[in-house]
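Protein chains in written order, with the numbering used here: chain P, 1 to 415; chain C, 416 to 720; chain Z, 721 to 1098.
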């Protein structure tokens, strides 16, 4: 910031003092007067420190200007243009890192990456509904829950193992997606949002109350995944042979996670490919057209019912698959894992990634999963910092990390 | 006996409904003018609850025990402080995103929601907080063991809801500030060209919305006596439902939606089953929205092509 | 563009570095025994997490002062699950892999203990919960999972006997908060009460986190109830009992160990609302001779060891004794020793059955006196 464009010092000082006064009002009561039973204790150190930081910070930034942050999409491959050879090599290396990671990384970070990949799946699913079709869904967690419970209950009542449950739960989740789609056909914007939110809550409440069928708040145990009948547990619980006994190697709980990770990675790649193809096909185009201008679509003969229902169903199906992996990973499902906060988190992944951008969703999912884990060392401040970062990320990149450019036809000779 | 039980359930429902309505009105105002779902609204309500407890504790410390005085001073103090909170939240989290795609402020609001919850939790502790009963006594109708009642605190809540709606309606419809708000809502660019300071109008709307949440926080906390840092979230969702039910953007709709929601919850809980009352409430919402996609009193969005 | 390639490869190197350098780090602490203290250290139930932590910390200090475990010092590791199963799983993995704990004191909420115990069982690590009362914790045949508290099916039985035989109630309402602990407790009480010949006039669940139960209270009034049994925690019990009294309902209120905390008074809006509320709880450890000295120590430092504080203290003692006697940290070895022996703790002598439950459960009825305390109801 050049000296000449900076406002006069007096104004900056006044600004900072006002900011300080406001901070006192904000921090004073809540931070300074701590409730203790029906009485209180005072501790004015904290509000005073915070006020000073705000005043000084305001002065500093008014004086020197806000820092400029780099534009991520310049270095990201696949952003807005066809991949070139160096891009492909880069992507290949990234994929290789992902592939060998489970064998060299620590088990703790392996579990974190499994969660990250699950959120990638969820983000991809919601991306279809919100990003591509433009339908604001605040209850996506419902399909996630249906997938997870489908796996757990499928084992309990129908004896379905991991590979049998995947198509089963995916289909059930897709059906739920269609069920949600029907009533909301006529709704738009924020009305749609609240209804989907309600749907998410209804699923969670039913799962929590229906003790006889779903185990209620106690949840249901989920079996471990199997590879051709070989289980990954210490003792065989599903009647087969444990994996480690078959290959005569010592038992390590890491094998289970490696297997889940690799299966998950496989599915993520498959779905990413499928979605990119769909985007270029008429169905994908129909979704994006619906998002941009529904009235125009309908006037041009597009069947908006089929388009909306297919968006909900596909998104729900992918969410359901994510749920199956989550259940297999945690070994246990319980309604408290499927609250509105999860829906909000998945939505944050999609928005942060840039609506409609697959690459963005992957990046955002990884970041938003690793962040709370990396912040674990900050204990009590973890969620606070996470929330602050969410706000900052939105202010920094409101259109998402990766700006999605749509193919544009420019007339030759002009533009 | 049944008549009195029904009477009591109706009272329960109306009071609960007024609670939702008070908060829903704040949501609806902000949405009506700016078109933004302010998810952090519920957290302002939660902060008001803590402020109420703090102010009452301080007043008791200084020996002020009169119910009337406590109520007035707590309301005044809380309204001032929550207004400041509302203004700051708008300035910090929403203003930079005013020209961004619609979803960005939504995520920012969710982030602020988390920040406020944890900010309070870190400073005040994660446990349940409570205040002693300040206003006691009730108006009983009927006698002996067959009666229904409405406590003074509950009556105050109903009065406050009606009063706030009346005051807000007067402000929006009869004052120049209200005219400026309506102009900004209809066409912000045009309003700016015509000389309205839209920035200031938007800030003012947020401040008013926050003070409504503040009033709700004080009264509801004094009524139930118990709260924690998470009450904002649950109440926020219910209030948002009420606002949508009544038609977002309509003040009367917010109150109506709130009453409908409160009554349906209480009556379903009282006569059918408490376990599924939320399922019933949401199903009711879906049903109403299917037949009236813009809510009960909402203006149908006219899409120009 | 060269700069782009440079930034990209810098990012790659960073990722590699993170991957390689966060490999499981073996702690150099061979001269110490690490215990994980798992529970809700943050979140709405943090008050209980604090009880667990203070109790364990005091026990570790006292034991370390007299030489630790066979010369090794006890080091405590705080593991926060915020009473959420997902976090419980995550933190259990961390304790097992990164922190390499020798045993775990925890968790608190039954819904967290269940998934976490699978991980400890899988890794062969001893886990003793000082507070999870859901029967399923030890009903699943896991050799290293044990308890240092009662079970809900014992607690519910005691409550049912009390309500029917001593309070002689005829119209009983059974409520729960739809969560693992609350519902389990209410169901156990209901089952026993039905066996004694009384059917409840109402059985319903309220939602945790809500504050308005007026409609439910009115419904209870309509049923002319003379006793209300609530399985749940003080956060809901407080407003419930307050609204009951405000609406003029004089029915007796009985609950479980979820309201054993002064927070109950606060949640209910004052002593006048909690007066006369009954609850089941283990014999108050603060009254036992074995623990008087320790209780004094706590009080001297300004902390009243209410609730689960002494349960956690005793659990650390139990783990210590087992490790001293077997000179091992193998979960099964420790568990087998405990199931065959008696340990003297601040809560008296403890011994276990094959499932890992305490042999003697000593649930007793307490009543809130209305002046801020609770005492045994004889």
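Cβ atoms here follow ideal geometry from the backbone N, Cα and C, with glycine treated the same way.
Chain-order list of chain P residues neighbouring residue 900 of chain Z: 216, 217, 218, 219 and 334, by C-beta distance under 9 Å. One finds 543 in chain C with Cβ atoms closer than 9 Å to the Cβ of residue 954 of chain Z, taken in chain order. Taking the C-beta atoms as reference points, residue 139 of chain P is found no nearer than 7 Å to residue 529 of chain C. Your pair residue 39 of chain P and residue 476 of chain C checks out as a contact, with CB atoms roughly 7 Å apart and the cut at 8 Å. The C-beta of residue 689 of chain C comes closer than 7 Å to at least one C-beta of chain Z. Neighbours of residue 503 of chain C in chain P, taken as residues whose beta carbon is under 8 Å from its own, are 22 and 26 in chain order. DSSP places residue 626 of chain C inside the alpha helix (DSSP H), whose first and last residues are 613-639. Between residue 997 of chain Z and residue 1036 of chain Z, the C-beta gap is not smaller than 7 Å, which leaves the two residues out of contact.
Put simply, the CB of residue 423 of chain C is near chain Z, with a gap under 7 Å to one of its CB atoms. Closer than 7 Å at the C-beta level to chain P, one finds these residues of the region 661-673 of chain C: 663.
For residue 639 of chain C, the residues of chain Z that pass the 9 Å Cβ criterion are 931, 932, 959, 962, 963 and 989, in the order they occur in the chain. Per DSSP, residue 752 of chain Z lies in no alpha helix (DSSP H); the unbroken beta strand (DSSP E) holding it starts and ends at 752-759.
Contacts between residue 645 of chain C and chain Z, judged by CB atoms closer than 7 Å, involve 764 and 929 in chain order. A contact between stretches requires three or more CB pairs, one per stretch, nearer than 8 Å, and the region 1074-1094 of chain Z meets this requirement with the region 858-874 of chain Z. Nearest to residue 148 of chain P by C-alpha distance, out of P:220, P:268, P:128 and P:179, is P:220. In chain Z, no part has a C-beta under 9 Å from the C-beta of residue 529 of chain C; the shortest such distance is about 13 Å. A direct Cα-to-Cα measurement between residue 657 of chain C and residue 121 of chain P gives close to 33 Å. Within the region 354-376 of chain P, no residue has a Cβ lying closer than 7 Å to any Cβ of chain Z.
Put simply, the CB of residue 881 of chain Z is far from chain C, with every gap to its CB atoms at 7 Å or more. Between the alpha carbons of residue 855 of chain Z and residue 111 of chain P lies a gap of roughly 29 Å.
DSSP, reduced to helix, strand and coil, places residue 520 of chain C within a helical segment of the structure shown.
By the Cβ neighbour-count rule, residue 1088 of chain Z is buried, with 16 or more other Cβ atoms within 10 Å of its own. In this structure, the straight-line span from the alpha carbon of residue 160 of chain P to that of residue 817 of chain Z is close to 31 Å. If you draw a straight line from the Cα of residue 124 of chain P to the Cα of residue 679 of chain C, it is about 37 Å long.
Proximity of chain Z to residue 607 of chain C at the Cβ level (cut-off 8 Å) is not reached, the minimal Cβ distance being about 41 Å.
With contacts defined as CB atoms closer than 7 Å, residue 313 of chain P and residue 142 of chain P fail to qualify as a contacting pair. Taken in chain order, the members of the region 802-813 of chain Z whose beta-carbon sits within less than 8 Å of a beta-carbon on chain P are 804, 805, 806, 809, 810 and 813. Here residue 346 of chain P is buried, its C-beta having at least 16 other C-beta atoms within 10 Å.
For residue 512 of chain C, the chain P residues whose Cβ falls inside 7 Å of its Cβ are 394, 395 and 398, in order along the chain. With fewer than 16 other Cβ atoms inside 10 Å of its own Cβ, residue 495 of chain C counts as exposed.
In its chain, beyond the 5 residues on either side, 839 have a beta carbon closer than 8 Å to the beta carbon of residue 813 of chain Z. The Cβ atoms of residue 128 of chain P and residue 315 of chain P sit closer than 7 Å to each other. At a cut-off of 7 Å between C-beta atoms, residue 208 of chain P counts as an interface residue with respect to chain Z.
Against chain P, the CB of residue 818 of chain Z has a partner CB under 7 Å away; the residue lies at that interface. Residue 420 of chain C belongs to the set of residues whose beta carbon lies under 7 Å from a beta carbon in chain Z. Under the three-state reduction of DSSP, residue 546 of chain C is assigned to coil, being neither helix nor strand.
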